[in-house]
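Notes for the one structure printed next.
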Amino acid sequence: MATSACQALLLMALAAAVLSTASGTLKYDFYSLSCPKAEEAVRNATMKIISDKPSMGAAFVRLYFHDCFVKGCDASILLNQSNSNPQPEKLGIPLRGYDEVNTIKAAVEAVCPGVVSCADILAFAARDSAMVSGGFTFPMPGGRRDGLTSDLSDIPASLPGPNMQVQDLIKSFGAKGLSAVDLVALSGAHSFGETHCSFVTPRLYPTLDKTMDRAFGVALQTVCPRRGGGGTPLDNNRVTDPNVLSNQYYKNVIAGQVMFTSDQTLRSDASTAKMVQDNADNPVAWMARFAAAMVNMGGIEVLTGTQGEIRKVCGATNSGS
1 MATSACQALL
11 LMALAAAVLS
21 TASGTLKYDF
31 YSLSCPKAEE
41 AVRNATMKII
51 SDKPSMGAAF
61 VRLYFHDCFV
71 KGCDASILLN
81 QSNSNPQPEK
91 LGIPLRGYDE
101 VNTIKAAVEA
111 VCPGVVSCAD
121 ILAFAARDSA
131 MVSGGFTFPM
141 PGGRRDGLTS
151 DLSDIPASLP
161 GPNMQVQDLI
171 KSFGAKGLSA
181 VDLVALSGAH
191 SFGETHCSFV
201 TPRLYPTLDK
211 TMDRAFGVAL
221 QTVCPRRGGG
231 GTPLDNNRVT
241 DPNVLSNQYY
251 KNVIAGQVMF
261 TSDQTLRSDA
271 STAKMVQDNA
281 DNPVAWMARF
291 AAAMVNMGGI
301 EVLTGTQGEI
311 RKVCGATNSG
321 S
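Its first residue numbered 1, the sequence shown is counted upward by one per residue in full-length UniProt numbering.
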């Protein structure tokens with residue numbers, strides 16, 4: 001957490017830099033007139049949820065990431081199965097937090113019904129998760145509207161995979177308008193949260209990945225057997241607290257103590273390896289890069305104006321079809 005006056009001033013300057021990176025179609029304090037207490041309602045509900053269940057901070061950030069990378073930040077990840085959306089995205093990705101997002105939405109609806117989109121609620125909740133779980137916050141623009149469709153067939157072409165190499169990751173993020181700096185900064189979200197053994201076992205068997213610290217890998221093998229343990233939940237960060245968002249991730253990358261090929265590969269390219277080292281050495285600078293990347297990601301293919309709708313509930317379109 002940034003506690004010194006110097007760090008606080010640096011974060012203020014970096015917050016101003018974040019303001020300049022926001023999508024031109026979105027606006028800071030978007031609900032200042034239509035629902036002045038909107039962000040406060042999201043923040044209070046998010047804080048209560050994470051206080052009761054600390055692992056939800058990472059879950060909210062992951063929902064936001066998956067939503068934005070598939071069809072843009074339109075809350076399509078939240079839609080349930082229906083006649084018009086028979087195979088929604090949520091059927092293809094094992095994510096947590098749907099009920100909790102509904103809780104946040106209900107809190108906002110109680111303040112001003114029919115005004116705040118589920119897409120913005122996801123963005124604000126992810127931002128507030130950084131505050132609760134990481135000890136820093138930043139401005140997040142609003143104005144996103146909710147999409148009407150969700151299709152799990154959109155997932156494979158949209159999401160970067162845990163087995164990707166660094167150049168493929170850079171291309172994947174670039175296709176969404178994000179830079180290599182954004183890629184490395186956002187990867188820091190793997191400092192908290194959970195994964196499953198099925199995503200890690202390719203690095204454990206038939207032999208340990210040579211880029212993985214051996215003692216770390218052997219410990220993982222005891223948790224993730226070669227057969228039958230694919231669905232076992234696993235903390236992303238087994239080195240320190242798995243519920244704290246921090247630059248510890250970069251220290252783990254350097255030590256070879258990370259879960260995915262897509263994590264360790266950041267050390268295989270001179271440019272991204274330098275970014276990893278810089279983020280490991282300077283936690284406040286990483287906070288600023290993470291904040292800017294979260295805002296940049298929140299501008300991916302957004303619906304604004306009269307596009308889409310403002311859903312009454314996050315799991316269904318207003319037509320209910």
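Built from N, CA and C at the ideal position, the CB exists for glycine as well.
Host beta strand (DSSP E) of residue i (start-end)
i, result
"residue 146", "Note, residue 146: premise wrong, no beta strand (DSSP E); not H, not E."
"residue 194", "194-196"
Residue range of the unbroken alpha helix (DSSP H) whose run includes residue i
i, result
"residue 234", "Run containing residue 234: none in the alpha helix (DSSP H); it sits in the beta strand (DSSP E), 233-235."
"residue 129", "118-134"
"residue 87", "That residue, residue 87, is in no alpha helix (DSSP H); it is neither H nor E in DSSP."
"residue 74", "Segment: none, residue 74 is in no alpha helix (DSSP H) and carries neither H nor E."
"residue 154", "Per DSSP, residue 154 belongs to no alpha helix (DSSP H) and is neither H nor E."
"residue 239", "No alpha helix (DSSP H) holds residue 239; DSSP gives it neither H nor E."
"residue 100", "98-111"
Outcome for residue i when other beta-carbon atoms lying within 10 angstroms are tallied against a minimum of 16
i, result
"residue 367", "Absent from the structure is residue 367, since the part of the chain shown begins at 1 and ends at 321."
"residue 327", "With the chain covering 1 to 321 only, the question about residue 327 has no answer from this structure."
"residue 1", "Per-residue confidence for residue 1 stands at a pLDDT of 44, beneath the threshold of 50, marking its modelled position as unreliable; the derived number appears in the next sentence. Residue 1 comes out exposed."
"residue 5", "With a pLDDT of 49 at residue 5, under the threshold of 50, the modelled position of this residue cannot be trusted; read the value that follows with caution. So residue 5 counts as exposed."
"residue 169", "buried"
"residue 90", "buried"
"residue 114", "exposed"
"residue 203", "buried"
"residue 67", "buried"
"residue 171", "exposed"
"residue 272", "buried"
"residue 177", "exposed"
"residue 237", "buried"
"residue 311", "buried"
"residue 218", "exposed"
"residue 321", "exposed"
"residue 324", "For the chain, the structure presents residues 1 to 321; residue 324 sits outside this window and is missing."
"residue 291", "buried"
"residue 122", "buried"
"residue 247", "buried"
Simplified DSSP assignment, three categories, for residue i
i, result
"residue 272", "helix"
"residue 217", "helix"
"residue 309", "strand"
"residue 316", "strand"
"residue 142", "strand"
"residue 2", "For residue 2, the predicted structure reports a pLDDT of 45, less than 50, and the residue's modelled location is therefore unreliable. A value from the coordinates is still provided. Coil at residue 2, not helix or strand."
"residue 254", "helix"
"residue 289", "helix"
"residue 260", "coil"
"residue 210", "coil"
"residue 284", "helix"
"residue 267", "helix"
"residue 115", "coil"
"residue 222", "helix"
"residue 248", "helix"
"residue 296", "helix"
"residue 277", "helix"
"residue 303", "coil"
"residue 321", "coil"
Contact test: residue i Cβ vs the ligand NAP heavy atom, cutoff 7 Å
i, result
"residue 40", "The ligand NAP is absent from the structure shown, which contains no ligand whatsoever."
Review point. What alpha helix (DSSP H) runs, 4 residues minimum, are completely inside the stretch 19-66?
Key: 38-52
Review point. Mind pulling the alpha helix (DSSP H) runs of 4 or more residues that sit fully within the stretch 157-206?
Key: 166-174, 180-187
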